[in-house]
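Below is one structure; the comments refer to it alone.
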Amino acid sequence: MARFDNVKKILVITLSNVGDVILTTPVISCLRQEYPESEITVLAGEKTISILMNSRTIQEVIPYNKHASWLRKILLVFKLRAKKFDLVADLRNTAIPLLIGARYRTAMVPDRKTIPMRARHLSQIRELVSTIDRENCFDFFSQEEDETAMAKYKARLNGAEDKAFVVVVPGARSSLKRWTVKGFAWLVQYLYQRGKTVVLVGNEKDIEEELMSILRCPVVNLFGALTLRELSAIVHHAEMVVCNDSGVMHLTSELKRPVVCVYGPTSEEICGPRGSHVRIVRKKLDCAPCDKAECVKARRECLDDLPVEDVISACEELFESAANHAV
Numbered sequence: 488m489a490r491f492d493n494v495k496k497i498l499v500i501t502l503s504n505v506g507d508v509i510l511t512t513p514v515i516s517c518l519r520q521e522y523p524e525s526e527i528t529v530l531a532g533e534k535t536i537s538i539l540m541n542s543r544t545i546q547e548v549i550p551y552n553k554h555a556s557w558l559r560k561i562l563l564v565f566k567l568r569a570k571k572f573d574l575v576a577d578l579r580n581t582a583i584p585l586l587i588g589a590r591y592r593t594a595m596v597p598d599r600k601t602i603p604m605r606a607r608h609l610s611q612i613r614e615l616v617s618t619i620d621r622e623n624c625f626d627f628f629s630q631e632e633d634e635t636a637m638a639k640y641k642a643r644l645n646g647a648e649d650k651a652f653v654v655v656v657p658g659a660r661s662s663l664k665r666w667t668v669k670g671f672a673w674l675v676q677y678l679y680q681r682g683k684t685v686v687l688v689g690n691e692k693d694i695e696e697e698l699m700s701i702l703r704c705p706v707v708n709l710f711g712a713l714t715l716r717e718l719s720a721i722v723h724h725a726e727m728v729v730c731n732d733s734g735v736m737h738l739t740s741e742l743k744r745p746v747v748c749v750y751g752p753t754s755e756e757i758c759g760p761r762g763s764h765v766r767i768v769r770k771k772l773d774c775a776p777c778d779k780a781e782c783v784k785a786r787r788e789c790l791d792d793l794p795v796e797d798v799i800s801a802c803e804e805l806f807e808s809a810a811n812h813a814v
């Protein structure tokens, strides 16, 4: 039974970065389970819109630019007010729920940075739902969209069957979060020698050029070729994903695909994925994680000195786990 009656329209105010938005999708799933007949609209950062589009969990996505002028922000408030939302889950801690006059809304809460983000977001809606289901059942895409994306790139996957290729993502939004290109190159060589089809994904041209100049084995190079939604489909069908702390890491985890996450300055305790399908790799140092915007040392010891053997070991653990479950 739903926590509140007559909730016909729900607004979820989410965040601006892809990884952050993905961590809020369990909230949307909980609201959908609690109010199955309600219309859910999501207000999200402009660059995250594509990850939410076409999901069967929500009905509308409205872009939000936090750098927009005050006039545009006021016009947005009027637009939202006109939609007459009954319930607002505000994960940004804004004044919007008050300004648009929603009957039920999340309270503004202090920034609790010591609590894992996924749990933090779910705790914000505890007064709006009767139960909190921590398992995410968010529909990122329809089956038709999934199949279309895979059909488009099947020829380039060198005949690799479903769940029989490894996606390697050497980039990240912040250069401070990126493991070395040389490290990824050694990893790719190892995976190829192990008989794996390796798919390279990313948008950073400089990383692509450096990596391709080092590699001496065939790979499927999809650098710059995928939309975010196509990437989602590729990840959904991958045997494993190896990546830095990035949006792809969160996406892979929420899709319940095996993922090896390379961590440096950031804390996996706060923002990291969890589960038996996840392996975290980091170099143990007194200074890491530091969560600083800039490294105060002459070099990034946390990532520059991270041995490829540690990443390979994490991959092997997941390969072995998958093999055991297949028996």
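Under my numbering, the first residue of the sequence shown is numbered 488, with each subsequent residue one higher. All C-beta atoms in this analysis are idealised placements derived from N, C-alpha and C, irrespective of residue type, glycine included.
For this session: Note down, one range per segment and in chain order, each beta strand (DSSP E) of at least 3 residues found wholly within the segment 632 to 676.
Result: Listed in chain order, the beta strand (DSSP E) runs fully inside the segment 632 to 676 are 652 to 656, counting runs of at least 3 residues.
Problem set entry | Within the segment 523 to 605, ranges of the beta strand (DSSP E) (whole runs, at least 3 residues) | Qualifying beta strand (DSSP E) stretches, in chain order: 526 to 532, 547 to 551, 574 to 577.
For this session: Report the rounded CA-to-CA distance for S542 versus R766, giving the unit in angstroms.
Result: Your numbering for residue 542 matches position 55 in the sequence shown. Your numbering for residue 766 matches position 279 in the sequence shown. Their Cα atoms are separated by approximately 28 Å.
Problem set entry | Cβ-Cβ distance between E741 and I538 below 8 Å | On the sequence shown, position 254 is the one that residue 741 refers to. On the sequence shown, position 51 is the one that residue 538 refers to. In terms of Cβ geometry, E741 and I538 do not form a close pair [threshold 8 Å].
Exercise. Hey, quick one: how far does the alpha helix (DSSP H) through L698 stretch, first residue to last?
Worked result: The residue given as residue 698 occupies position 211 in the sequence shown. 692 to 701 is the span of the alpha helix (DSSP H), which, as asked, contains L698.
Exercise. Taking the alpha-carbon positions, what's the C517 to L702 distance?
Worked result: Start at 1 with the first residue of the sequence shown, and residue 517 comes out as number 30. Start at 1 with the first residue of the sequence shown, and residue 702 comes out as number 215. The straight-line gap from Cα to Cα measures roughly 45 Å.
Problem set entry | Same chain only: Cβ atoms within 6 Å of L790, ignoring 5 sequence neighbours per side | Here residue 790 refers to the residue found at position 303 of the sequence shown. Closer than 6 Å at Cβ, skipping near neighbours: W666, G751.
Exercise. Mind pulling the beta strand (DSSP E) runs of 3 or more residues that sit fully within the segment 750 to 797?
Worked result: Within the segment 750 to 797, the complete beta strand (DSSP E) runs of at least 3 residues are 765 to 768.
For this session: Please name the residue or residues paired with I515 in a DSSP beta bridge.
Result: If you number the sequence shown from 1, residue 515 lands on position 28. Per the DSSP secondary-structure output, I515 pairs with nothing in a beta bridge.
For this session: Evaluate the contact criterion for the segment 679 to 691 versus the segment 707 to 723: three or more CB pairs, one atom per stretch, below 8 Å.
Result: yes
Exercise. So what does DSSP say about C624, is it helix, strand or coil?
Worked result: To locate residue 624, count along the sequence shown from 1; it is residue 137. Coil, per DSSP.
Exercise. Assuming K496 contacts K553 under a Cβ cut-off of 8 Å, what Cβ separation, rounded to an integer in Å, is found between them?
Worked result: For this step, residue 496 is matched to residue 9 along the sequence shown. For this step, residue 553 is matched to residue 66 along the sequence shown. The pair is not a contact, with the Cβ atoms about 23 Å apart (cut-off 8 Å).
Problem set entry | From C777, R769, V783, residue whose alpha carbon lies closest to that of A801 | For the purposes of this step, residue 801 is taken as residue 314 along the sequence shown, with counting starting at 1. Comparing Cα positions, the closest option is R769.
Exercise. Ends of the beta strand (DSSP E) at K687?
Worked result: Position 200 of the sequence shown, counted from the start, is the residue given in the question as residue 687. The sequence as given places Leu at residue 687; Lys does not occur at that position. Start and end: 684 to 687.
Exercise. So, helix, strand or coil for N731, using DSSP?
Worked result: On the sequence shown, residue 731 is found 244 positions in, with the first residue counted as 1. Under the three-state reduction of DSSP, N731 is assigned to strand.
Problem set entry | Element boundaries [beta strand (DSSP E), containing I497] | Taking the first residue of the sequence shown as 1, we reach residue 497 at position 10. Taken as a continuous stretch (DSSP letters only), the beta strand (DSSP E) holding I497 covers 496 to 500.
Problem set entry | Given 8 Å, three or more beta-carbon pairs between the segment 753 to 762 and the segment 652 to 660 | Judged by Cβ distances under 8 Å, the segment 753 to 762 makes no contact with the segment 652 to 660, as fewer than three pairs qualify.
Problem set entry | C-alpha gap between L663 and H608, whole angstroms | Locating residue 663 in the sequence shown gives position 176, where the first residue counts as 1. Locating residue 608 in the sequence shown gives position 121, where the first residue counts as 1. Approximately 26 Å between the Cα atoms of the pair.
Exercise. Taking the alpha-carbon positions, what's the E717 to K639 distance?
Worked result: Numbered from its first residue, the sequence shown carries residue 717 at position 230. Numbered from its first residue, the sequence shown carries residue 639 at position 152. E717 and K639 have their C-alpha atoms some 9 Å from each other.
For this session: For L674, I'd like the list of residues in its chain whose CB is within less than 6 Å of its CB, leaving aside the five on either flank, ordered along the chain.
Result: Residue mapping note: residue 674 aligns to position 187 of the sequence shown, counting from 1. If we look at L674 and ignore the five residues flanking it on each side, its Cβ neighbours are V795, V798.
Exercise. What distance in whole Å lies between the Cβ atoms of I583 and V596, which are believed to be in contact at a cut-off of 8 Å?
Worked result: By 1-based counting over the sequence shown, the position of residue 596 is 109. By 1-based counting over the sequence shown, the position of residue 583 is 96. Between I583 and V596 the Cβ distance is about 15 Å, and since that is not below 8 Å, they are no contact.
Exercise. What residue from T714, V746, H737 has the CA that sits closest to S729's CA?
Worked result: The count along the sequence shown starts at 1 and reaches residue 729 at position 242. Going by the sequence as given, residue 729 is Val instead of Ser. Nearest of T714, V746, H737 to V729, Cα basis: V746.
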